[in-house]
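The structure appears below as structure tokens.
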């Protein structure tokens, strides 16, 4: 499990160095939240606010994961991870 955290730490360092993806994710979160605030009536907001926030986090997470996976596929990082002495389930986590 420690090796999975090391891989995640490496990916997060790369994401924080390239501000483009992080800025795009923040902008997407604001725009999505704004659209939800317009689309949902005020009388219902208090009942479903947490669900809408969770939905925004899921959308942003999928966006970030997709961009990271495409970058890893271009650099053929997955081939490098296959030859390391760690289990494939650790890489998937």
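Residue numbers (my numbering): 14 to 106. Just so it is clear, CB atoms sit at the ideal spot from N, CA and C, and this is done for glycine as well.
If you compare the alpha carbons of 46, 59 and 38 with that of residue 81, the shortest gap goes to 38. Counting along the chain, the unbroken alpha helix (DSSP H) around residue 68 starts and ends at 55-87. The count of Cβ pairs closer than 8 Å, one atom from the segment 14-27 and one from the segment 66-75, stays below three, leaving the stretches out of contact. When the alpha-carbon of residue 36 is set against those of 77, 99 and 54, the nearest one is in 77. Sequence-distant Cβ neighbours of residue 103 in its own chain, meaning closer than 6 Å and more than five residues away, are 16 and 17. Taking C-alpha positions only, residue 45 is separated from residue 98 by approximately 41 Å. Distance from the CA of residue 55 to the CA of residue 63, rounded to the nearest whole angstrom, comes to 14 Å.
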